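Notes to accompany the following structure.
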Amino acid sequence: MAGLTTGGPNVDVSLLYELNGLARQAPGWVDRAVSLVGEYGILLALVLLVLWCWRGARRQDEATAAESFAALVWAPLGAGLALLVNAPLREFVGRPRPFRQHEGLQVLDPGLGIGLAKSEFSFVSDHATLAMALGVGLFVANRKLGLIGIGLALAEGLCRVYMGVHYPTDVIGGFALGTAVVLVLAPLAMASLNPVVRAVARSPRVGRLVRAKGGALPRPVDLAQAQTPSAGQQRTQESDLAA
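With the numbering used here, the residue at position 60 of the sequence shown is 999, and numbering never jumps.
So this is what it looks like as structure tokens:
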């Protein structure tokens, strides 16, 4: 497994050199900006996008707000689960980082980060997995914002290859893993989260997390009361008939 891409001319290595080669030609401030964006910026933007979606979901009708909130809760949970799945996968594949296998790469801060880039192994990319899982999870809740999130995830993958810390196939594998975990487990997750979210929405203390102020979940209609006229209504109807 360690020899997934360890040398020799192939498309994976060629794309790596082409994208990373742009770092040699770009000004230093561009490289620093891409490094910052690829390490922190895009992931932060995805988190803010989830929060923005939550803000809008609270203003929808009550039933839709509860369903959207459940999907937004699943987005980070699914992303975290994808990272857990990736941990043993990276150890099993054991693919070294590209800058340890190939010379001449312009490596942009390989040790930077929040613990996502510190592993010695490359396949699959944690950043790509996390970004795509958040993007797809957001798509489950809101199609329009989800497409933006998926676009940001694709940009994250390009940044990781540009920085010289991942092969293109590391990124593609991360995209596939994040998407698969979120979508395959979404039905089970939503079935479990929806009742919890509806219970939270009915709480007078924390209900505003799900619905905007003054909102209320729809209550079942009492058909017996709706169909049975009151005594006053019966007298009015009898008077109308007599007239």
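Every residue, glycine too, gets a C-beta built ideally from N, C-alpha and C.
Computed from a prediction, not measured in an experiment: that's the story for all the values here.
Taking 6 Å as the limit between beta carbons, can you name the residues of its chain near PRO1107, skipping five residues before and five after?
Cβ neighbours of PRO1107 beyond the five flanking positions: ASP951, LEU954 and VAL1100.
Identify the continuous alpha helix (DSSP H) that holds GLY1045 and give its terminal residues.
Correcting the residue type first, residue 1045 is Gln in the shown sequence and not Gly. Per DSSP, GLN1045 belongs to no alpha helix (DSSP H) and is neither H nor E.
Over what stretch of residues does the alpha helix (DSSP H) that includes SER953 continue unbroken?
Segment 950–964, the alpha helix (DSSP H) holding SER953.
Is the beta carbon of GLY1117 closer than 8 Å to that of LEU1069?
Closer than 8 Å, so yes.
Report yes if the C-beta distance between LEU1132 and VAL1075 is below 8 Å; otherwise report no.
In this structure, VAL1075 does not lie closer than 8 Å to LEU1132 by Cβ.
Do VAL1120 and VAL1024 have their C-beta atoms closer together than 8 Å?
Contact flag set, yes.
Do you know offhand how far ALA1072's Cα is from TRP968's?
Straight-line Cα distance between these residues: approximately 30 Å.
Pick out whichever of GLY1088, TRP993 and ALA996 has its Cα sitting closest to the Cα of LEU983.
LEU983 has its Cα closest to that of GLY1088, out of GLY1088, TRP993 and ALA996.
Looking at SER1061: is its Cβ nearer than 8 Å to the Cβ of PRO1027?
No. Outside cutoff.
Confirm, please, whether the CB-CB distance from ALA972 to VAL989 is below 8 Å.
Their beta carbons are not under 8 Å apart, which means VAL989 does not touch ALA972 by this criterion.
Taking ALA1125 and ALA1080 to be in contact with their CB atoms under 8 Å, please state how far apart those CB atoms are, rounded to whole angstroms.
So it is not a contact: roughly 10 Å between Cβ atoms.
Determine the direct distance from the alpha carbon of LEU1097 to that of GLU957, and round the result to whole angstroms.
Near 12 Å, if we compare the C-alpha coordinates of LEU1097 and GLU957.
Go ahead and label ASN959 buried or exposed: buried means 16 or more other beta carbons lie within 10 angstroms of its beta carbon, across all protein chains shown.
Flag for ASN959 reads buried.
In the stretch 1070–1146, which residue ranges form an unbroken alpha helix (DSSP H) of at least 4 residues, counting only runs that do not cross its ends?
1082–1101 and 1107–1140, all fully within the stretch 1070–1146.
Could you check where the alpha helix (DSSP H) with ARG971 kicks off and where it finishes?
Note, ARG971: alpha helix (DSSP H), 967–975.
Taking the straight line between their C-alpha atoms, what separation do you get for PRO1037 and GLU1006?
If you take the alpha carbons of PRO1037 and GLU1006, they lie about 42 Å apart.
In angstroms, rounded to a whole number, what distance separates the CA positions of ASN949 and ALA1094?
Cα to Cα, the separation comes out at about 23 Å.
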